[in-house]
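Going down the list, the protein sequences come from chains R and G. For what it's worth, the numbering used here labels the leading residue of the first sequence as 1, then goes sequentially. For what it's worth, the numbering used here labels the leading residue of the second sequence as 410, then goes sequentially. Okay, so here's the structure we're looking at.
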Amino acid sequence: MITSVLNTAELRKDFPLLEQSVNGKKLVYLDNAATTQKPKEVLEALNTYYEEYNSNVHRGVHLLSQKATDAYEAARTNVAAFINAKHSHEVIFTRGTTEGINLISNTFGRMFLQKGDSILITAMEHHSNIVPWQMICEERGATLKVLPIDDDGVLKMEELPALLDDKTKLFAFTYVSNSLGTVNDVHEIIAQAHGKNIPVLVDAAQAVQHMKVDVQHLDADFLVFSGHKIYGPTGIGVLYGKEQWLNVLPPWQGGGDMIKTVSFEKTVYNELPYKYEAGTPDVSGAIGLSAAITYLNGIGLEAIEESEHELIQYALEKLTAIEGLTFIGKAKDRAGAISFLLNGIHPFDVGELLDKQGIAVRTGHHCTQPLMDIFNIPGTVRASFAFYNTREDVDLLVAGVRKAAQMLS
Amino acid sequence: MSINEQQDEIVDEFEMFDDWMDKYEYIIQLGKELPLIEEKYKTEDHLIKGCQSRVWLHPEYKDGRIFFTADSDAIITKGLISMVVKVLSAHSPKEIIDADLYFVNAIGLNSHLSPTRSNGLLSMLKQIRSFAHAFYLQQKNNATS
Chain R
1 MITSVLNTAE LRKDFPLLEQ SVNGKKLVYL DNAATTQKPK EVLEALNTYY
51 EEYNSNVHRG VHLLSQKATD AYEAARTNVA AFINAKHSHE VIFTRGTTEG
101 INLISNTFGR MFLQKGDSIL ITAMEHHSNI VPWQMICEER GATLKVLPID
151 DDGVLKMEEL PALLDDKTKL FAFTYVSNSL GTVNDVHEII AQAHGKNIPV
201 LVDAAQAVQH MKVDVQHLDA DFLVFSGHKI YGPTGIGVLY GKEQWLNVLP
251 PWQGGGDMIK TVSFEKTVYN ELPYKYEAGT PDVSGAIGLS AAITYLNGIG
301 LEAIEESEHE LIQYALEKLT AIEGLTFIGK AKDRAGAISF LLNGIHPFDV
351 GELLDKQGIA VRTGHHCTQP LMDIFNIPGT VRASFAFYNT REDVDLLVAG
401 VRKAAQMLS
Chain G
410 MSINEQQDEI VDEFEMFDDW MDKYEYIIQL GKELPLIEEK YKTEDHLIKG
460 CQSRVWLHPE YKDGRIFFTA DSDAIITKGL ISMVVKVLSA HSPKEIIDAD
510 LYFVNAIGLN SHLSPTRSNG LLSMLKQIRS FAHAFYLQQK NNATS
């Protein structure tokens, strides 16, 4: 009997959705990099909010509004502790990773980006960490530069020093690649950028659910992630920004809650974190995300990391044995996703036949088209893991891939 | 065989399989029967827009009827094209324009195909219809001139 650090078979029971059949087969959910399923604790928190204290925050004098405000702000404190932010007002609630990046590209870009300057990203970024920067660079007459990767899907760190030149105003990069599963050496990257006084934005959308992320230890200037990829609801996300940055940057969206006083002549903006939360925020989303974090804390990120690492090693080993299978992304340090192709077979064909066997994977370019172009492929089949996945899931995946390969060749 | 007779035949054949994996096996088999497009036509303007995988389609107008050849880089897609071509190829432009393609629903493909695939299938049908329209107009113009 193989002993695991986590009793995944038992933990799975916390996720009602996983207990179902798809196309007459037991569901094997391996599309966790796209979104994770929600534990009962999160569903109950959402339900309780709407059944017992749904109310607008920060403005009512009545009891329900007070309760909602307290829960919303407690969620912020919980998130701050989870990523070890120095202050809870350094945590801004957003709609997700994409909105967090857009917030920084717009505010930072308008304030600091001049003609001839540049923003640095990497070749493995998700479209959400490419397009916002392209847009602001175009607007400001700046250039977008790209740190390349090698054939294994690992950043070419030897090229980083030259790219961190005096024209570079910010380096935005992913912690973990959503397509390749590569875990980047974030500490080293940040140390090098800061060595040249260049601030960094870390896209942690594929990191926070797999490993302990400590913004102070990393010394990240900005860090973003999405609630729905860390077992929370959709529509809520987090932007962490160092207090000194967020105080300097201008507001982004205008509206209610982000102001102190408004007259037709002049508006005085509110202080952090409200300055960046215009309009009624996603109160239930924040409460749901907080419940997800509390749930994860109960299991322990270290145990999750160890358990997932073990499972991914097992999956790599089993998949390697399939004839004609090539991995796209062969980094040593990896988390979350495994991308692969079957010799000469379109990834959509494999994905469709896996679906008919009850196995949910993602096929396509995974919102990383430039990365697919580098590998000169239309896309990949991507299996991505959560702590609730078991060895049985991996065995079913492997059997499913074998069956698809046999039918398609 | 008329368009509807061909559709009925496909529906009957699909009914022999209970399991969707077997139906897919059959679709893949059908793909092998697709009259392949000549390599020289595998160009950008023969690509069908709206398909996630690459699909090339070429119409040939001969003696009042349209004959289709095609290909795709995805095997299941190839099977789907093959079904459509089987049903619509070798018919007059008018017959193709007027055709009621009920077989897609009847075999349950609509609910079983992934959304990207069914969108692709729709794009393919749209392209075939627009070819038929063009040949139909050409035919009419020739008749009146």
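The C-beta atom is built at its ideal place from N, Cα and C for all residues, glycine as well. Computed from a predicted model, the values in this text were never measured in an experiment.
Since residue i is in the alpha helix (DSSP H), which residue starts that stretch and which ends it?
i: residue 67(R); result: 63-82
i: residue 373(R); result: 369-375
i: residue 375(G); result: Lying before the first or after the last residue shown, residue 375(G) is absent from chain G, which here runs from 410 to 554.
i: residue 154(R); result: Taken as a continuous stretch (DSSP letters only), residue 154(R) belongs to no alpha helix (DSSP H), as it is neither H nor E.
i: residue 450(R); result: Nothing can be reported for residue 450(R): it is not among the residues displayed for chain R, which extend from 1 to 409.
i: residue 296(R); result: 283-299
i: residue 40(R); result: 40-48
i: residue 187(R); result: 186-195
Should residue i go down as buried or exposed, given a rule of 16 or more other Cβ atoms within 10 Å for buried?
i: residue 500(G); result: buried
i: residue 96(R); result: buried
i: residue 514(G); result: exposed
i: residue 116(R); result: exposed
i: residue 33(R); result: buried
i: residue 284(R); result: buried
i: residue 320(R); result: exposed
i: residue 414(G); result: exposed
i: residue 255(R); result: exposed
i: residue 89(R); result: buried
i: residue 263(R); result: exposed
i: residue 209(R); result: buried
i: residue 381(R); result: buried
i: residue 12(R); result: buried
i: residue 533(G); result: buried
i: residue 438(R); result: No answer is possible for residue 438(R): the residues shown for chain R start at 1 and end at 409.
Helix or strand or just coil, what does DSSP make of residue i?
i: residue 535(G); result: helix
i: residue 394(R); result: helix
i: residue 246(R); result: helix
i: residue 53(R); result: helix
i: residue 418(G); result: helix
i: residue 490(G); result: helix
i: residue 341(R); result: strand
i: residue 15(R); result: coil
i: residue 553(G); result: helix
i: residue 387(R); result: coil
i: residue 266(R); result: coil
i: residue 516(G); result: coil
i: residue 214(R); result: coil
i: residue 316(R); result: helix
i: residue 234(R); result: coil
Tell me the rounded alpha-carbon separation between residue i and residue j.
i: residue 508(G); j: residue 439(G); result: 21 Å
i: residue 276(R); j: residue 259(R); result: 10 Å
i: residue 536(G); j: residue 418(G); result: 24 Å
i: residue 222(R); j: residue 358(R); result: 39 Å
i: residue 245(R); j: residue 92(R); result: 13 Å
i: residue 290(R); j: residue 81(R); result: 11 Å
i: residue 105(R); j: residue 136(R); result: 6 Å
i: residue 385(R); j: residue 464(G); result: 32 Å
i: residue 36(R); j: residue 205(R); result: 12 Å
i: residue 416(G); j: residue 446(G); result: 23 Å
i: residue 432(R); j: residue 130(R); result: Residue numbering for chain R in the displayed model covers 1 to 409; residue 432(R) lies beyond these limits and cannot be assessed.
i: residue 342(R); j: residue 436(G); result: 19 Å
i: residue 393(R); j: residue 307(R); result: 14 Å
i: residue 19(R); j: residue 406(R); result: 29 Å
i: residue 85(R); j: residue 200(R); result: 16 Å
i: residue 447(R); j: residue 328(R); result: In the structure as shown, chain R begins at 1 and stops at 409. Residue 447(R) is therefore absent and cannot be evaluated.
i: residue 469(G); j: residue 490(G); result: 16 Å
i: residue 271(R); j: residue 110(R); result: 20 Å
i: residue 345(R); j: residue 60(R); result: 59 Å
i: residue 52(R); j: residue 236(R); result: 21 Å
i: residue 142(R); j: residue 118(R); result: 5 Å
i: residue 442(G); j: residue 530(G); result: 18 Å
In terms of residues, what are the limits of the beta strand (DSSP E) holding residue i?
i: residue 469(G); result: 464-471
i: residue 332(R); result: Counting along the chain, residue 332(R) falls outside any beta strand (DSSP E), and DSSP gives it neither H nor E.
i: residue 479(G); result: 474-481
i: residue 92(R); result: 91-94
i: residue 203(R); result: 200-203
i: residue 439(G); result: Looking at the DSSP string, residue 439(G) is not in any beta strand (DSSP E); the run it does join, the alpha helix (DSSP H), is 429-440.
i: residue 415(R); result: Nothing about residue 415(R) can be read from this structure; chain R reaches only from 1 to 409.
Name the one or two DSSP bridge partners that residue i has.
i: residue 29(R); result: 360(R)
i: residue 241(R); result: 222(R)
i: residue 145(R); result: 120(R)
i: residue 136(R); result: DSSP output for residue 136(R) lists no bridge partner at all.
For residue i and chain B, any beta-carbon pair shorter than 7 Å?
i: residue 348(R); result: Among the protein chains in the structure shown, which are R and G, there is no chain B.
Measuring from the CB of residue i, is there a heavy atom of the ligand HEM at a distance below 6 Å?
i: residue 537(G); result: Of ligands this structure carries none, so the ligand HEM is not represented either.
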